[in-house]
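Encoded as structure tokens, the structure appears first; notes follow it.
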Amino acid sequence: MKKTNRPAGPMTTAIHAGESPDPATLASAPPIHMSSTYVSEDVLGFSAHDLTPESPYAYSRWANPTVAMLEAKIAAMQGTEACLCTASGMAAAAAIFFTFLSAGDHVIVSDVSYAGVAELARDTLPRMGIAVSTVDMSDLAAVSAAIRPETRLIHTETPVNPIGRLTDLAAISALARQAGALLSCDATFASPLGMDTVALGVDLTMHSVTKYICGHGDAVAGAVCGRADLVSQMRVEAAIHHGGVLSPFNAWLIARGAATLPLRMKAHAAGAQAVAEWLEADPRVGRVIYPGLASHPQAELAARQMSNMSAMISFQVGDAAKGERLARQMIERLEVIHYAVSLGHHRSLIFWMGTEGLMETSFRLEGTQLEAYRAYAGDGIFRLSVGLEDPEDLIADLDRALA
């Protein structure tokens, strides 16, 4: 997209940001630069600390034109100065933690988080001398009480995976500012179009790009968006030193998906609203958690903070035994929805997440973390990622599975 002072709408941004006709061929579509190295026309240094935004391409772990195109596109959609793309969503989370935390520092993490982040915070960070507090991010008093003089980072999710709990980002941002700490937020469930994280005071917004930004379930990636100086630090530490870089081919695939993100998120949200309302009205289903429902305990915050409610629904059907039986029944009966992990794809996906069998045993949640999960999920929940199929077909598929 040619640089002008004119603002572009979300659809124009998603299609054109980061892209321009190929200077060698004038091809309209961006090329895939699969080269690992580049011919140098000058004598260059060989240290990550010598790099500047104006440095020429030299080696694809340092920078790659196709990956840079995707980074510019995601940054424009999120409304930030810069973006770092990584090999996975977990590489994005690790980029935040390992760039901005050192031995002796303290980090506050949501008491319910994506499983990989929860395990990293519980198992790895303390081993490196980093103190970790897990807190219910919807409880501002608890967050405030957890802050210490050595707190350097507050890391949250909203909506929280998999329970759909929300975080008041503006309020948490105010607490972080008072403490002199950075605020990072995993906004994967919301997508870059779901919340204006910059206006809400978030310093670093991360995504598992595998999900909504890619949108087609065929590439794995992560991204962290923020100020240029913060992203530059992560590029040296996480990409160049730790090496968690994104494949140019995956970047090219994901850019194709990102171009339709605004259209897809509208359809995702509309379909999820219809499915959530049907589930809530069905007597075979217990509690339904979706930000677009008036019954969501933070419906007011959702309306104030989210411009798109996305398409992640959690629902209960009774005790753990009933949930496991229904999961087996879904595997046998579902014809449209795939019984599979992950989310944000054009295909609808559903998965049983038992509190005792999965969260307590596999992910080893304990204490307040397990209590927080159980408060929302009871003995377990089905996590449903509503895709782009006709809502009527999804409802018929769920009705057949629940019979």
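Residue numbering for the sequence shown is 1 to 403, as defined by the UniProt record's numbering.
Every residue, glycine too, gets a C-beta built ideally from N, C-alpha and C.
On a predicted model such as this, the values are computed, not experimentally measured, just so you know.
1) Which runs of the beta strand (DSSP E) fall wholly inside the stretch 214 to 245 and span at least 3 residues, in chain order?
2) Could you tell me the alpha carbon to alpha carbon distance between aspartate 218 and proline 162, rounded to whole angstroms?
3) So what's tyrosine 59 in DSSP terms, helix, strand or just coil?
4) Pop quiz: alanine 255 and proline 30 are said to be a contact at Cβ under 8 angstroms. What is the actual Cβ separation, rounded to whole angstroms?
5) Which residue marks the beginning of the beta strand (DSSP E) containing alanine 82, and which one marks its end?
6) For a quick check, are the C-beta atoms of residue 468 and methionine 306 less than 9 angstroms apart?
7) Phenylalanine 97: buried (16+ other C-beta within 10 angstroms of its C-beta) or exposed?
8) Which complete alpha helix (DSSP H) runs does the stretch 121 to 171 hold, if anything under 4 residues is left out?
9) Cβ atoms of glutamine 316 and valine 288: under 9 angstroms apart, would you say?
10) Rank Asp111, Ala276, Pro262, Thr197 by C-alpha distance to the C-alpha of residue 404 and give the top, closest one.
11) Determine, using beta-carbon pairs with one atom in the stretch 95 to 115 and one in the stretch 233 to 242, whether at least three such pairs fall under 8 angstroms.
12) Please name the residue, chosen from Asn308, Val220, Arg152, Glu332, that lies closest to alanine 179 on a Cα-to-Cα basis.
13) Expressed to the nearest angstrom, what Euclidean distance is found between the alpha-carbon atoms of threonine 167 and proline 23?
14) Rounded to the nearest angstrom, what separates serine 232 and glutamate 71 at their Cα positions?
15) The beta strand (DSSP E) spanning aspartate 105 covers which residue range?
16) Does the structure place the stretch 377 to 397 close enough to the stretch 336 to 354 that three or more beta carbon pairs sit under 8 angstroms?
17) Taking DSSP as the reference, what is the three-state secondary structure of serine 173?
18) With distances taken from CA atoms, which of Leu370, Leu293, Met206 is nearest residue 404?
The relevant details are as follows:
1) Here the runs fully enclosed are 222 to 226.
2) Your numbering for residue 218 matches position 218 in the sequence shown. Your numbering for residue 162 matches position 162 in the sequence shown. In a straight line, the C-alpha of aspartate 218 is about 22 angstroms away from that of proline 162.
3) Indexing the sequence shown from 1 puts residue 59 at position 59. Three-state result, tyrosine 59: strand.
4) Against the sequence shown, residue 255 aligns to sequence position 255. Against the sequence shown, residue 30 aligns to sequence position 30. Contact holds; Cβ gap of about 7 angstroms.
5) Numbered from its first residue, the sequence shown carries residue 82 at position 82. Per DSSP, alanine 82 belongs to the beta strand (DSSP E) from 82 to 86.
6) With the chain covering 1 to 403 only, the question about residue 468 has no answer from this structure.
7) Here the question's residue 97 lines up with position 97 in the sequence shown. Counting Cβ neighbours within 10 Å, phenylalanine 97 comes out buried, since at least 16 surround it.
8) 140 to 146
9) Along the sequence shown, read from residue 1 onward, the residue named residue 288 stands at position 288. Along the sequence shown, read from residue 1 onward, the residue named residue 316 stands at position 316. For valine 288 and glutamine 316, yes; Cβs fall inside 9 angstroms.
10) Because the chain is modelled from 1 through 403, residue 404 falls outside the range shown and cannot be assessed.
11) yes
12) Locating residue 179 in the sequence shown gives position 179, counting from the first residue. By alpha-carbon distance to alanine 179, the top candidate from Asn308, Val220, Arg152, Glu332 is Arg152.
13) For the purposes of this step, residue 167 is taken as residue 167 along the sequence shown, with counting starting at 1. For the purposes of this step, residue 23 is taken as residue 23 along the sequence shown, with counting starting at 1. About 44 angstroms.
14) Against the sequence shown, residue 232 aligns to sequence position 232. Against the sequence shown, residue 71 aligns to sequence position 71. Cα to Cα, the separation comes out at about 12 angstroms.
15) Sequence index remark: in the sequence shown, residue 105 carries index 105 (1-based). Looking at the DSSP string, aspartate 105 is not in any beta strand (DSSP E), and its letter there is neither H nor E.
16) Verdict: yes, contact present.
17) Here residue 173 corresponds to residue number 173 of the sequence shown, with the count starting at 1. It is helical.
18) This structure does not reach residue 404, given that the chain is present from 1 up to 403, and the question cannot be answered.
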